[in-house]
Amino acid sequence: MQNVTEWIEVRGARVHNLRAVDVAVPKRALTAVTGVSGSGKSSLVFDTIAVEARRQLNETLPAFVRGFLPALSRPAVDTVEHLPAVIMVDQRRLRGGARSTVGTITDIAPLLRLLFSRAGEPLVPHADAFSFNMPAGMCPACEGLGEATVVDLDVFLDRSRSLDEGALLCEVFAVGSRNWQILVGSGRFDPARPVAEYSDAELHDLLYADDGIVAMEFQGQAYNASYEGAVTKFRRLYLDQDPETRGGRTRKLIAAFTTTACCPDCGGTRLSPLALSSRVAGYTIADLSAMAASDLVTVLDQISNPTIEPLLNALWARLEDLVGIGLGYLSLDRRTASLSGGEAQRVKLVRQLASSLNDLLYVFDEPSIGMHPRDVSRMTDLLRALRDKGNSVLVVEHDRDVIIAADHVIDLGPGAGTAGGEVGYTGDVTGLRGSGTLTGRFLDEPVRLKPDHALREPTGKLPVVNARAHNLTGFDIDFPTGVLTVVTGVAGSGKSSLAHAVLRVQHPQVIAVDQSAPGANRRSTVATYTGVQDRIRKAFAAANGVHPALFSANSAGACPECAGLGVIEQDLAYLDTVTSMCVACHGRRFTEDVLGYRLRGLSIGDVLESTVAEAAEFFAADRKIASILGALATVGLDYLRLGQPLTTLSGGESQRLKLAGHLSEPGGVYVLDEPTTGLHMSDVHRLLAALDRLIDEHGATVIVIEHNLDLVGHADWLIDLGPEAGAGGGYVLYEGTPAGLLTTEGSHTGEYLRRAVGGAPILGILEQAAR
Numbered sequence: 001m002q003n004v005t006e007w008i009e010v011r012g013a014r015v016h017n018l019r020a021v022d023v024a025v026p027k028r029a030l031t032a033v034t035g036v037s038g039s040g041k042s043s044l045v046f047d048t049i050a051v052e053a054r055r056q057l058n059e060t061l062p063a064f065v066r067g068f069l070p071a072l073s074r075p076a077v078d079t080v081e082h083l084p085a086v087i088m089v090d091q092r093r094l095r096g097g098a099r100s101t102v103g104t105i106t107d108i109a110p111l112l113r114l115l116f117s118r119a120g121e122p123l124v125p126h127a128d129a130f131s132f133n134m135p136a137g138m139c140p141a142c143e144g145l146g147e148a149t150v151v152d153l154d155v156f157l158d159r160s161r162s163l164d165e166g167a168l169l170c171e172v173f174a175v176g177s178r179n180w181q182i183l184v185g186s187g188r189f190d191p192a193r194p195v196a197e198y199s200d201a202e203l204h205d206l207l208y209a210d211d212g213i214v215a216m217e218f219q220g221q222a223y224n225a226s227y228e229g230a231v232t233k234f235r236r237l238y239l240d241q242d243p244e245t246r247g248g249r250t251r252k253l254i255a256a257f258t259t260t261a262c263c264p265d266c267g268g269t270r271l272s273p274l275a276l277s278s279r280v281a282g283y284t285i286a287d288l289s290a291m292a293a294s295d296l297v298t299v300l301d302q303i304s305n306p307t308i309e310p311l312l313n314a315l316w317a318r319l320e321d322l323v324g325i326g327l328g329y330l331s332l333d334r335r336t337a338s339l340s341g342g343e344a345q346r347v348k349l350v351r352q353l354a355s356s357l358n359d360l361l362y363v364f365d366e367p368s369i370g371m372h373p374r375d376v377s378r379m380t381d382l383l384r385a386l387r388d389k390g391n392s393v394l395v396v397e398h399d400r401d402v403i404i405a406a407d408h409v410i411d412l413g414p415g416a417g418t419a420g421g422e423v424g425y426t427g428d429v430t431g432l433r434g435s436g437t438l439t440g441r442f443l444d445e446p447v448r449l450k451p452d453h454a455l456r457e458p459t460g461k462l463p464v465v466n467a468r469a470h471n472l473t474g475f476d477i478d479f480p481t482g483v484l485t486v487v488t489g490v491a492g493s494g495k496s497s498l499a500h501a502v503l504r505v506q507h508p509q510v511i512a513v514d515q516s517a518p519g520a521n522r523r524s525t526v527a528t529y530t531g532v533q534d535r536i537r538k539a540f541a542a543a544n545g546v547h548p549a550l551f552s553a554n555s556a557g558a559c560p561e562c563a564g565l566g567v568i569e570q571d572l573a574y575l576d577t578v579t580s581m582c583v584a585c586h587g588r589r590f591t592e593d594v595l596g597y598r599l600r601g602l603s604i605g606d607v608l609e610s611t612v613a614e615a616a617e618f619f620a621a622d623r624k625i626a627s628i629l630g631a632l633a634t635v636g637l638d639y640l641r642l643g644q645p646l647t648t649l650s651g652g653e654s655q656r657l658k659l660a661g662h663l664s665e666p667g668g669v670y671v672l673d674e675p676t677t678g679l680h681m682s683d684v685h686r687l688l689a690a691l692d693r694l695i696d697e698h699g700a701t702v703i704v705i706e707h708n709l710d711l712v713g714h715a716d717w718l719i720d721l722g723p724e725a726g727a728g729g730g731y732v733l734y735e736g737t738p739a740g741l742l743t744t745e746g747s748h749t750g751e752y753l754r755r756a757v758g759g760a761p762i763l764g765i766l767e768q769a770a771r
């Protein structure tokens, strides 16, 4: 670490559960902020330091410019001093629409276009001619989207019927309508005969022909109508319209009778024939864009051209950064909207590595999410590279390897929610180990494999046949039922493809519990989502002899000033929108009259401000409420407030919230995608207990896609895919109990599991696996 003589100083931070925190963050160092889930890490790093840095930077800009920037209110903190300019690299998914790809977001695509405009054969000396976002390079048919909206004949046409019976299902061609009369009056086919009996020529005329005249009569007047097949007319009337001018009825018709398919003109490449005519090393730009980044590096290594060497070096360096951070399996034409939160965060990191700016503050939110242990070391190398360029790097993290790689650690706690918000330790990693905090105690804990006598016996199996989605190689495999199965492998090896694109398709009864937000808006809370809000309202109503609607912040009891939100947003035109606590209800969301009603001494506002753990104790006599809140505590969410909006939950918290709802259901088959996301090392064991309960008490089958080695060691059965990502993966390297993976050659998971088990006990485990 470089000599540290400067610090970012925070005084009196009170955001969310922070208890007037004072802390100093070293500049030009890699600092990890740790602590149990809900201890206040994000509140300190993102909601205090990063927000204040961005707010102060925005204040230096003219008022007119600030009107185009996101509104940032001053956080609840006394002072934050010596702040550099901040770059927040969080887990929010990348946007940009259908035209945004990995290549465009990382700025690799412009370099590739320049390569073809300088070295392509035949030469097309304009880089714009290779861009699907520019008129010169986009496919004229799909306008660079790679997809075309086509009429879905399966829902547009019932071939078992005749035209007289309404074979054309779209209302535009309803029996007796003018459009129907033109088709029937054309004399090209028998309207009484089922369409299934039409010849190919007749079917073509019915759907696609655009020639000829049909003599018609309307209100006693004869006229000639131009003939158009049903699909041709539908396209002209609706699909060829400017999308911006489509009304609601048009959009509904299009949604009902069309589907999206690969553009037939460009084959999904998005590019014009001219762009696809030029080649470098025998490849078109579409060929190179469709390759995994690691394969593209290999192709570039084979190109020797001194005149474009600086360009090749720049391309190579960007791609190596992508590969080095564990995203070598991504192709440049991959849409950014399809990336996971962890992938999006790492792509953003690649963009920053190309910058020559320094003395910046980089803030990351668990950058190790979604990464195999093999790739975490690569990621920490890149974080150090940012630091070594003279930047301050601040990371919210749970991963042991990232914490150990840090120059400085700030550990918050000791607990979550109201039990957290204090600084338990600051200093180096050596000091953390002896600090007595939960992070320090768990930092060097070895992974423990489940002993043989504790392994569950499968109750059956779910066979998967010919698994071929994405990079999977067409293997057959069985998922045992009644046990905990963990699917492992490096990122991009095919885990999600196997579990979601194959297993769930072949076995539709499988329930996916993913990290997507549970259909929330800013009025949805933990209490409303879980259903305890209704029982709480009824309990207050019964205790006070009034109507339950009074105890709803969305109904009769809502504060009229803030409409039950607890805050007032003041729009100051081109200045920042100011969000302030409602002075009428003081943030409690209810009228004073409603807050005057009590249930065993507490108001409805008090109850909704309480944590799950506190509420469980308060409602211990209500079996239904206690059961629901107990399930939340089981999955490690006892620190959430009952009135906490669901929009504030992380992906991992959202997944565990949904998982809690299944803990009381009788046996089902569940697929979980990295449920340890956002969990402290000490909380992972609580999650394991929840999964055990789901299996042992309710006869469930649980299949988990996971990198966390504690969960891997706890499995009854492992399926390890690989050996690499993308085209280098998709094979089953191992299936069996965890101990057997320790001796599996070529498995990256096996290698890191051996390291994590560690010490003398590993010798006995290896001998046992060998036997």
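Using full-length UniProt numbering, the first residue of the sequence shown is number 1, and each one after it goes up by one. For every residue, glycine included, the Cβ atom is placed at its ideal position computed from N, Cα and C.
Neighbourhood of residue i by C-beta distance below 6 Å, restricted to the same chain and skipping five residues each side
i: ALA50; result: VAL86, MET88, VAL363
i: LEU322; result: ALA293, VAL350
i: ALA225; result: ILE182, VAL214, MET216
i: ILE511; result: GLY668, TYR670
i: ARG456; result: VAL483, ASP716
i: TYR227; result: SER186, GLY212, VAL214
i: TYR329; result: ALA292, GLY492, ALA725, GLY726
Which of helix, strand or coil DSSP assigns to residue i
i: PRO26; result: strand
i: LEU123; result: coil
i: LEU327; result: helix
i: THR439; result: helix
i: ASP411; result: strand
i: LEU18; result: coil
i: VAL10; result: strand
i: THR485; result: strand
i: LEU595; result: helix
i: ARG351; result: helix
i: SER610; result: coil
i: ASP514; result: coil
i: GLN506; result: helix
i: MET379; result: helix
i: LYS538; result: helix
i: TYR574; result: With a pLDDT of 43 at TYR574, under the threshold of 50, the modelled position of that residue is not reliable, and the figure given next carries that caveat. The answer is coil: DSSP assigns TYR574 none of H, G, I, E or B.
i: ARG755; result: helix
Check whether residue i and residue j have beta carbons under 9 Å apart
i: ALA281; j: GLN302; result: yes
i: LEU412; j: VAL15; result: no
i: VAL409; j: LEU386; result: no
i: ASP401; j: VAL376; result: yes
i: ASP295; j: GLY12; result: no
i: PHE156; j: ALA230; result: yes
i: GLY417; j: ARG641; result: yes
i: GLY566; j: ARG535; result: no
i: PHE116; j: THR269; result: no
i: PHE618; j: SER610; result: yes
i: GLN509; j: THR677; result: no
i: THR439; j: HIS680; result: yes
i: SER338; j: ALA517; result: no
i: ASP240; j: ALA290; result: no
i: LEU327; j: ILE108; result: no
i: ALA615; j: ILE625; result: yes
Cβ neighbours of residue i in the same chain (closer than 8 Å, five flanking residues each side left out)
i: ALA689; result: THR634
i: LYS495; result: VAL487, THR488, GLY489, ILE705, LEU721
i: THR485; result: PHE479, THR701, VAL702, ILE703, VAL704, ALA715, ASP716, TRP717, LEU718, ILE719
Same chain only: Cβ atoms within 7 Å of residue i, ignoring 5 sequence neighbours per side
i: VAL684; result: THR676, ASN708, ASP710, LEU711
i: GLY643; result: THR525, ALA527, LEU608, GLU609
Quiz item: Can you give, in chain order, each stretch of the beta strand (DSSP E) that sits fully within the region 671-721 and has at least 3 residues?
Solution: 701-705
Practice problem: Determine, using beta-carbon pairs with one atom in the region 137-151 and one in the region 248-262, whether at least three such pairs fall under 8 Å. | Solution: yes
Practice problem: Identify every run of the alpha helix (DSSP H) within the region 243-310, keeping only runs that are complete inside it and at least 4 residues long; order them along the chain. | Solution: 248-257, 273-277, 285-290, 293-301
Self-check item: Secondary structure, beta strand (DSSP E): runs of 3+ residues fully inside the region 165-200
Solution: none
Quiz item: Would you say the region 452-466 touches the region 60-76, given that touching needs at least three Cβ pairs under 8 Å?
Solution: no
Exercise. Examine the Cβ distances between the region 354-369 and the region 390-399 and report whether three or more of them are shorter than 8 Å.
Key: yes
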